[in-house]
Amino acid sequence: MKAKIFVTLKKSVLDPQGKTIQKALNSLGFKDIEDVRAGKYFEIKLSKGTKKAAEKNVKKMCEKLLSNTVIEDYNFKIEA
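Count the sequence shown with this note's numbering and you get residues 15 to 94, in order.
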């Protein structure tokens with residue numbers, strides 16, 4: 015199985031990296047961009063087990079290490 019994990023800043027948190035990317039894209043001629051939010055993406059290959067157990071473990075990984083739940087949101091999907 016493989017877990018695909020997306021971590022992004024919460025909407026209420028300022029995203030300076032996203033603003034920098036937006037300004038750079040604007041300077042390259044992409045003027046129709048309203049907002050950019052940067053984030054992190056992880057792919058984790060999981061050994062055998064049930065999908066339910068994988069979901070439980072990935073949730074723990076996100077909450078303990080992969081995201082800062084005070085300022086970040088995360089979501090994931092498990093693929094066979």
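Using N, Cα and C, we set each Cβ at its ideal position, and we do this for glycine too. Just so you know, these numbers come straight off a predicted model, no measurement behind them.
Please identify the residue among PHE90, SER26, GLY53 and LYS25 whose C-alpha is closest to the C-alpha of LYS74.
The residue given as residue 74 occupies position 60 in the sequence shown. Comparing Cα-Cα distances from LYS74 to each of PHE90, SER26, GLY53 and LYS25, the minimum goes to PHE90.
Cβ atoms of THR83 and ALA52: under 9 Å apart, would you say?
If you number the sequence shown from 1, residue 52 lands on position 38. If you number the sequence shown from 1, residue 83 lands on position 69. Not in contact: ALA52 and THR83 (Cβ atoms no closer than 9 Å).
CA nearest to the CA of ILE85, picked from ILE19, LYS24, VAL50 and GLY63
Taking the first residue of the sequence shown as position 1, residue 85 is located at position 71. Looking at the Cα atoms, LYS24 is the closest of the given residues.
Cutting at 7 Å between CB atoms, please list the residues of its own chain near SER61, excluding the five before and the five after it.
If you number the sequence shown from 1, residue 61 lands on position 47. Correct list: empty, nothing qualifies.
For SER41, count the other beta carbons within 10 Å of its own beta carbon; 16 or more makes it buried, fewer makes it exposed. Which is it?
In the sequence shown, counting from the first residue as 1, residue 41 sits at position 27. Result: exposed.
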